[in-house]
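When the count follows my numbering, it moves up by one through the sequence shown with no breaks and lands on 1048 for the last residue.
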Amino acid sequence: MEPPWMTWSWISLVLIVQLRGYWGCMEEERMALLEFKSSFNATGYIGGDFLPSWIDDKGSNCCTWEGVICSPTTGRITQLFLNDLRNMNLGPTPWHLNTTLFLPFEELLHLDLSGIFNGCFRNEGVRGRVAGLKKLQVLNLSDNQLNNSILPFLGALTSLETLSLRSNELEGSFPLQELVQLRNLKILDLNENRLNGSLPIQGYERLIKLKRLDLSRNHFDKSILKFLGALPSLNTLSLENNGMEGSLSAHELANLSNLVVLNLSGNQLNGTLPIQGLVALRKLEILDLSYNSFTWSIPPSIGNLSSLKALSFAYNRLNGSLPIQGLCKLKSLQELVLGGNSFEGVIPSCLSNLTSLRMLDLSENQLRGSIPSSLITSLTSLEYISLENNNFEGAFWFGSFANSSRLEVVKLSSGGNKLEVQTEYPSWVPSFQLKVLVLTNCNLNKPAGIIPKFLSLQYDLREIDLSHNSLRGNLPSWLLHNKTKLELLNVQNNSLTGHLNLTSRLSLNISWLFISENHFHGQLPANIGEVLPNLEVLHASQNNFEGSIPSSIGEMRNLFTLDLSNNNFSGEIPEQLAIGCQSLVSLKLSNNKLQGQIFPNLSNLTNLVRLDLDSNHFSGNAINGVYQNFLLGSLDISNNYISGRIPSWIGNLTGLDILVMSDNLFEGHIPTELGSLKLLSVLDLSGNFLSGPIPLSSDLSVLRFIHLGRNRFKGSLPIGLLNSSSSLLTLDIGNNNLSGQIPNWIGEFSELRILLLKGNNLQGPIPRQLCQLKQTRIMDLSNNTFSGSIPKCFSNIPFGRSELSEFMFDPIATGTAYFLQPYKYGSFVEGTRDGNGVEISYKTQEEVEFMTKRRSNSYEDSILNFMSGLDLSFNHLTGDVPPEMGNLNEILALNLSHNQLSGSIPKSFSNLTKVESLDLSHNNLSGQIPSELTELSFLAIFSVAYNNLSGKTPDMKAQFATFDIGCYEGNLFLCGPPLLKSCTTGVESKVAPATYLDDGMDLVSFHASFAVSYIMCLLVLAFILYINPYWRKIWFGLIEAARKAR
């Protein structure tokens, strides 16, 4: 038995230790922390006041300081969280970590230094010793731009169990040699570095305790898999986004038998799914092979992976039907993610047996049939279900979810517009509180178009998307009441009407609001900025809003995209918008009735990337309201009444990619400062009163679309165009006063798709160099004074042959995508994002005018992919029509009218199998019309009028049965229907020599009609004089007076 004094000694010792912990941290550790802070301040590495609780006051207990955790018994510091102290505004400022500062922390277990450095600098390594960190178990150095010079420091920390080096700049093979010494390591995160190689460093098998390994976002190939099997404790492996290629074999997976989690998503793996190899992984619970290129179907043997809790094959190239015998055997499955494939057929009803299923994602496939209500009612554990973007049809009653009390996310839609979702009848009461509801393009509550009333009882919603339905009536106020967590509301593309009512009693946190493409009318609420101050995205386009733009929008300090286009807004742009909305990235006010001077007070919007003010009533000169918007990538002020000269400050907008100023009243020369826009790819100044030569700078080397038509430019084609010869797709300089010949360098435009030179004073022969334009679809040289013959090599120009033209005309778009994630579902597998994206893009429609079917048509965007044509009309071309032009078998419109072409119509024109418009009128063509032309089954417009053709017209069959007399008139020796002149049987019509004036007039017809008219006038005059003595007296009196005057 111990003496009493010994017992009291132990009690006293314990009390001393406890009191020491209660009184505060050790002085040595407190001073080390202060020295750590001062080392930052000394370099200015951290901006402003940081770690304000770390004060040099002996009365301050450092255990209460920010980021510091002490042992409650010893008072020694055990955890330090110094993460994310870096001032990102200071750039890559060097800072040396002096590890001797950590020597006093002998009891330190957890150290977080993530996001604090800008690298381990100058390749000097880390100074100091680490002897004092003998007990350190967790070290986080992620997001520090560290390179391999950190490794000697790490290799000495042999007590480490968890090490994160995520998002750094480490290089070499796995594992880095120094890390092999860390035999106690259980968790190692090397995600997002520069590691590579297929063979690991010798000795890596010493990491016998390693359980979790993350090598994602590096450069490993798939051969590393068979070596990682030598790590006996490894149960979690992630190799996401490594660029692995090829198929996976059973041999490569065989050694990973202890794996519980395997993530190979985001690679380039292909072939069939490696189910045979995966079956050997008996302990596997989570398998993620999403975002690869696996093909074929899911084999039934998937059912042998009986331990699976989460399975994702999303966004591969899988097809076929879902394997009933396989998937339905996975009784333990909690998450099934198969979205983004090409699965067909119906949803297997046996999925209702997977009663543990929390997450079901079959979105973006080609599934059809009905959504089985019995499946939904059976899966009472469901928390997340996404069936959107399939081909479901028939009625689905939303009340099937009534008993799914855990339900958080529902996404339903149909690509075929045959699905009808009903939420109202019969009545039901939900047992869930949704966080995300997406019911798009599903004929919601058709035919009544009622907004689901059960939403009035949903108070936890973050996102509501009811877009692309036929919803009617007003937007109910209860949809927004009592939803303080709501961040996104999308009701665009419906038929909602009435005023947009926003009462001040609403307590809203909405960030994104989409109400475009409805029938809202009246004014936007004057208090919209006060009720929705947190709004980041407002899309209200294509409604019937009117009146002025509310000045309270200036209260939306976080607004980055505002789209009020295609309404009836009037007045001026409010000054408060420019003052308050300085975060604006995209401003679209197109197609309204706004007026006043363009660019008023917009100089504060320095973050603008896109500005659309087109199709309004702006007038006056273009003042310098945006001259400091250096980030501006797209500027469209077309179709207004802006006058004066194009301002020289336009050259300050050096970030411009798209500049559209067409259909205004600009005059004068193009400013030379335009040459400073080196990033410009779209230039549209058409439809103004610009004059002088076309000055194209040698710096404009990336231009893709040039529209300068309908102006008053003079001179020859500018040689500056050559600087864009490798990128130019559209060149429209028609309807100007350009003169001279087409230069031979025109053939340098190897990518040119559209060439419009019509309506100028160009002359001379058509150069053969045009035949080098191997990608051209549309060429218009009409209304000039070109002479000579048509080059035979025109048959080499594709004019629509798609195999020679890979480029697709789509809306020109570049920019930045913004993604809002109101709610992130807690899934075992990554790759399912719950939210919406908005792209702040520079989009403009590529539009050209081309004469076809006797009228000038405008072709836009993707329609240009299907249009092709050649127009040489209204020139002075002579000679025969080249038979080789019959090889243009993809051309849709061919116009050779109003020239002086001679010879016969080539029989090879019967090969123009796609032609819809063929105009050969007003020429000197002779001979017969080839009967083979009746085989042109798409021909809608045909004219050979006013030539010297002879013989019988083509048979009135197929398309030729629709052509009237006007298609053949002016040919004296043509006969047969629809002409009234019948053909004499057995007598062949003689061909008279054709005589025409330069403008295409038939001289024979002219002389005959003139003689007949002259004789008729004489006869009428003689008859009048005969019956009227008074006029006869006056007439002879005039003759007598004229005789005497001689």
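All C-beta atoms, glycine included, are put in the ideal place defined by N, C-alpha and C.
These numbers were taken from a predicted model, which means no experiment stands behind them.
*What is the rounded straight-line gap between the Cα of H501 and the Cα of S344?*
Counting only the Cα atoms, S344 lies some 43 Å from H501.
*Does the distance from the CB of Q765 to the CB of N737 come in under 8 Å?*
A distance of 8 Å or more separates the beta carbons of Q765 and N737.
*In terms of residues, what are the limits of the beta strand (DSSP E) holding E465?*
From DSSP, the beta strand (DSSP E) with E465 extends over 465-467.
_Extent of the continuous alpha helix (DSSP H) to which F229 belongs_ = Under the DSSP assignment, F229 falls in the alpha helix (DSSP H) whose first and last residues are 226-230.
*Could you spell out where the alpha helix (DSSP H) holding Q765 opens and where it closes?*
First-last for Q765: 763-767, but that is the beta strand (DSSP E), not the alpha helix (DSSP H).
_Buried or exposed, going by whether 16 or more other CB atoms sit within 10 Å of the CB of E287?_
So E287 ends up on the buried side.
*Quick one: what's got a C-beta closer than 6 Å to G418's C-beta in the same chain, skipping five residues either side?*
Correct list, in chain order: N393.
*Starting from E669, follow its DSSP beta bridges and name the residues at the other end.*
Looking at the DSSP assignment, E669 forms a beta bridge with F691.
*Straight-line CA distance for E346 to E753?*
Cα-Cα distance, rounded: 40 Å.
*Residue from S984, T379, I452, S365 with nearest C-alpha to C352*: Out of S984, T379, I452, S365, T379 has the C-alpha closest to the C-alpha of C352.
*Put A1024 into one of helix, strand or coil per three-state DSSP.*
Three-state result, A1024: helix.
*Go through its chain and collect everything with a Cβ distance to K716's Cβ below 6 Å, but skip five positions before and after it.*
The beta carbon of K716 lies closer than 6 Å to those of N739 in the same chain, with the five residues before and after it left out.
*Specify the secondary structure class of Y427 as computed by DSSP and reduced to three states.*
Y427 sits in coil when the DSSP states are folded into three classes, being neither helix nor strand.
_As a quick exercise: from T499, L510, S497, L504, pick the residue whose alpha carbon is nearest that of E489._
That would be L510, whose Cα lies nearest to the Cα of E489.
*Through-space distance from L938 to D734, alpha-carbon basis*: Their backbone Cα atoms lie some 31 Å apart in a straight line.
*What are the boundary residues of the alpha helix (DSSP H) that includes T379?*
Its alpha helix (DSSP H) spans residues 375-380.
*asked:* Quick check on K413: buried or exposed, where buried means 16 or more other Cβ atoms within 10 Å of its Cβ?
replied: K413 sits buried, since 16 or more C-beta atoms from the chains shown fall within 10 Å of its C-beta.
*asked:* Between which residues of its own chain and E886 is the CB-CB distance below 8 Å, once the five residues before and five after are set aside?
replied: If you ignore the 5 residues before and after E886, its C-beta comes within less than 8 Å of the C-beta of K794, C795, F796, S797, S910, all in its own chain and listed in chain order.
*In terms of alpha-carbon separation, which member of P432, S407, L340, S406 lies closest to L389?*
Considering only alpha carbons, the answer is L340.
*Skipping 5 residues on each side, what residues in its chain have a beta carbon closer than 6 Å to that of E247?*
Cβ within range, chain order: Q270.
*Name the one or two DSSP bridge partners that V140 has.*
Answer is H112, T164, bridged to V140.
*Sorted by chain position, which residues of the same chain lie with C-beta nearer than 6 Å to L364's C-beta, five sequence neighbours on each side aside?*
For L364, where only same-chain residues beyond five positions count, the Cβ hits under 6 Å are L340, L389.
*Go ahead and pull the three-state DSSP assignment for R612.*
In the three-state DSSP reduction, R612 falls in the strand class (E or B).
*Evaluate H924 with the Cβ neighbour count: other Cβ atoms within 10 Å of its Cβ, from every protein chain shown; 16 or more gives buried, anything less gives exposed.*
Buried, by the Cβ-count rule.
*Report buried or exposed for A397, applying the criterion of at least 16 other Cβ atoms within 10 angstroms of its Cβ.*
Classification of A397: exposed, given that the 10 Å Cβ count is below 16.
*Rounded to a whole number of angstroms, what is the C-alpha to C-alpha distance between W67 and L138?*
So the two alpha carbons sit approximately 20 Å from each other.
_Alpha-carbon spacing of P54 relative to G69, whole angstroms_ = Between the C-alpha atoms of P54 and G69 there is a straight-line separation of about 11 Å.
*By Cβ distance, which residues of its chain are closer than 6 Å to C969, with the 5 residues on each side in sequence left out?*
Spatial neighbours of C969 in its own chain (CB-CB distance under 6 Å, excluding positions within 5 residues in sequence) are listed in chain order as F944, S945.
*Could you tell me whether the Cβ atoms of L165 and L135 are closer together than 8 Å?*
The Cβ atoms of L165 and L135 lie no closer than 8 Å to each other.
*Mind listing, in chain order, the continuous alpha helix (DSSP H) runs of no fewer than 4 residues lying wholly within the stretch 432-504?*
The stretch 432-504 contains no whole alpha helix (DSSP H) run of 4 or more residues.
*What beta strand (DSSP E) runs, 3 residues minimum, are completely inside the stretch 257-285?*
With a minimum length of 3 residues, the continuous beta strand (DSSP E) runs that stay inside the stretch 257-285 are 263-265, 270-273.
_Opposing strand residues paired with I644 [DSSP bridges]_ = I644 is bridged to G622.
_Contact set for K437: own chain, Cβ-Cβ below 7 Å, skip 5 residues either direction_ = The beta carbon of K437 sits closer than 7 Å to the beta carbons of E410, V411, D462, L463, R464, Y825 from its chain, once the five residues preceding and following it are set aside; these are given in chain order.
*Give me the Cα-Cα distance between P745 and D701, rounded to the nearest whole angstrom.*
Straight across, the Cα-Cα distance linking P745 with D701 is about 21 Å.
*Which of helix, strand or coil DSSP assigns to E30*: Assignment of E30 by DSSP, reduced to helix, strand and coil, places it in the helix class.
*Smallest Cα separation from E918: which of F940, L935, L903?*
Among F940, L935, L903, the Cα nearest to that of E918 belongs to F940.
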